[in-house]
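These notes concern the structure reproduced below.
Numbering (the numbering used here), first residue to last: 30 to 315.
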């Protein structure tokens with residue numbers, strides 16, 4: 030009898046609060062910028078999320094998972110990543126495992142948009158449309174986001190880079206413009222472009238992060254890039270997760286505060302955690 034009464038109350042709670050009955054399924058599609066290459070973020074709490082490729086990556090999705098737990102939100106987090114991949118490669122090689130019913134999808138393509146023609150958004154536009162159609166066929170209410178990735182120091186300060194002799198601002202704007210064009214062509218199927226590159230720019234402007242790792246890191250500044258000046262450091266991946274979390278949930282990430290568990294486990298100091306949280310909030314206010 031007691032078990033029936035308990036079940037009755039569980040059903041009532043589930044009806045009153047659908048989130049209690051079922052957690053949201055969120056999928057992250059990307060490459061090494063998502064799984065956290067060149068930083069310990071790559072191995073961050075890999076057991077808390079599901080890697081659809083069985084590679085046991087953690088990265089930004091696992092940081093997102095911890096932030097959601099801290100905020101009292103319930104997500105089932107999934108990751109599907111291929112090193113150096115475009116959305117085209119994901120669509121052509123991972124269609125079967127991605128073609129599921131998702132509540133939220135977050136995706137990005139190659140960091141230079143097109144490997145053969147850097148800065149060209151044509152491939153991003155085409156395959157973001159294909160993905161949007163696929164996901165909406167499974168769930169018409171799916172919320173799809175795209176992340177405009179950060180400027181790459183190796184592309185800006187090295188002679189082999191497409192943006193050599195330009196600036197972090199120019200690369201940030203070029204990448205963001207590509208994603209905005211893809212959003213526009215998707216005719217309302219993309220909820221938002223997450224301006225991660227702009228958050229990096231704002232960290233440079235605010236004097237929190239150094240904008241050129243090739244001439245040394247200034248005192249009291251962090252290096253958002255990893256050791257290859259291409260991928261991110263734990264600082265960069267933490268900011269990545271903060272931006273994703275803030276946009277998707279409409280959440281003020283400064284509430285995590287200086288003692289944020291995710292930041293602490295990534296080796297980020299209390300002061301640095303607060304600074305990066307503030308950058309995320311300020312970026313989204315502009």
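Ideal Cβ positions, reconstructed from N, Cα and C, are used throughout, including at glycine. Bear in mind that the values here come from a model prediction, so they are computed numbers and not experimental data.
C-alpha gap between residue i and residue j, whole angstroms
{"i": "residue 51", "j": "residue 104", "result": "9 Å"}
{"i": "residue 122", "j": "residue 82", "result": "11 Å"}
{"i": "residue 65", "j": "residue 71", "result": "4 Å"}
{"i": "residue 111", "j": "residue 207", "result": "21 Å"}
{"i": "residue 101", "j": "residue 171", "result": "22 Å"}
{"i": "residue 53", "j": "residue 132", "result": "6 Å"}
{"i": "residue 209", "j": "residue 141", "result": "15 Å"}
{"i": "residue 197", "j": "residue 128", "result": "36 Å"}
{"i": "residue 80", "j": "residue 315", "result": "34 Å"}
{"i": "residue 175", "j": "residue 296", "result": "27 Å"}
{"i": "residue 234", "j": "residue 62", "result": "23 Å"}
{"i": "residue 151", "j": "residue 136", "result": "16 Å"}
{"i": "residue 169", "j": "residue 245", "result": "49 Å"}
{"i": "residue 259", "j": "residue 217", "result": "32 Å"}
{"i": "residue 278", "j": "residue 145", "result": "35 Å"}
Whole-angstrom C-beta distance between residue j and residue i, which should lie under 8 Å
{"i": "residue 254", "j": "residue 309", "result": "In fact, because the Cβ distance is near 18 Å, the residues do not count as touching under 8 Å."}
{"i": "residue 178", "j": "residue 225", "result": "6 Å"}
{"i": "residue 87", "j": "residue 73", "result": "4 Å"}
{"i": "residue 69", "j": "residue 263", "result": "6 Å"}
{"i": "residue 157", "j": "residue 215", "result": "6 Å"}
{"i": "residue 173", "j": "residue 219", "result": "5 Å"}
{"i": "residue 130", "j": "residue 167", "result": "4 Å"}
{"i": "residue 285", "j": "residue 99", "result": "6 Å"}
Where residue i falls: helix, strand or coil (DSSP)
{"i": "residue 315", "result": "coil"}
{"i": "residue 239", "result": "coil"}
{"i": "residue 261", "result": "strand"}
{"i": "residue 300", "result": "helix"}
{"i": "residue 179", "result": "coil"}
{"i": "residue 305", "result": "helix"}
{"i": "residue 56", "result": "strand"}
{"i": "residue 159", "result": "helix"}
{"i": "residue 130", "result": "coil"}
{"i": "residue 197", "result": "helix"}
{"i": "residue 172", "result": "strand"}
{"i": "residue 110", "result": "strand"}
{"i": "residue 68", "result": "coil"}
{"i": "residue 105", "result": "strand"}
{"i": "residue 221", "result": "strand"}
{"i": "residue 115", "result": "coil"}
{"i": "residue 50", "result": "Per-residue confidence for residue 50 stands at a pLDDT of 47, beneath the threshold of 50, marking its modelled position as unreliable; the derived number appears in the next sentence. The answer is helix: DSSP assigns residue 50 an H, G or I state."}
{"i": "residue 80", "result": "strand"}
Sequence-distant residues of the same chain with beta carbon closer than 6 Å to residue i, five excluded per side
{"i": "residue 159", "result": "120"}
{"i": "residue 106", "result": "55, 78, 90, 94"}
{"i": "residue 138", "result": "115, 116, 153"}
{"i": "residue 287", "result": "299, 302, 303"}
{"i": "residue 256", "result": "67"}
{"i": "residue 97", "result": "104"}
Residue i versus the options, residue with shortest Cα-Cα distance
{"i": "residue 143", "options": "166, 124, 118, 125", "result": "118"}
{"i": "residue 230", "options": "107, 89, 313", "result": "313"}
{"i": "residue 238", "options": "261, 216, 217", "result": "261"}
{"i": "residue 273", "options": "110, 89, 257, 162", "result": "89"}
{"i": "residue 280", "options": "224, 188, 306, 156", "result": "306"}
{"i": "residue 249", "options": "300, 223, 292, 214", "result": "300"}
{"i": "residue 204", "options": "222, 278, 216, 87", "result": "222"}
{"i": "residue 276", "options": "234, 263, 134, 157", "result": "134"}
{"i": "residue 188", "options": "136, 243, 149", "result": "243"}
{"i": "residue 292", "options": "311, 271, 125", "result": "271"}
{"i": "residue 162", "options": "257, 150, 124, 61", "result": "124"}
{"i": "residue 232", "options": "180, 294, 98, 278", "result": "180"}
{"i": "residue 57", "options": "259, 164, 258, 217", "result": "164"}
7 Å CB neighbourhood of residue i in its chain, flanking five on each side removed
{"i": "residue 85", "result": "75"}
{"i": "residue 13", "result": "Coverage of the chain is limited to positions 30 through 315, which leaves residue 13 absent and any answer about it impossible."}
{"i": "residue 304", "result": "237"}
{"i": "residue 190", "result": "183, 184"}
{"i": "residue 92", "result": "70, 73, 266, 267, 270, 291"}
{"i": "residue 227", "result": "201, 205, 312"}
{"i": "residue 149", "result": "142, 143"}
{"i": "residue 195", "result": "185"}
{"i": "residue 247", "result": "239"}
{"i": "residue 147", "result": "141, 191"}
Chain B contact for residue i (CB, 8 Å cutoff)
{"i": "residue 246", "result": "No chain B appears in this structure, which consists of one protein chain only."}
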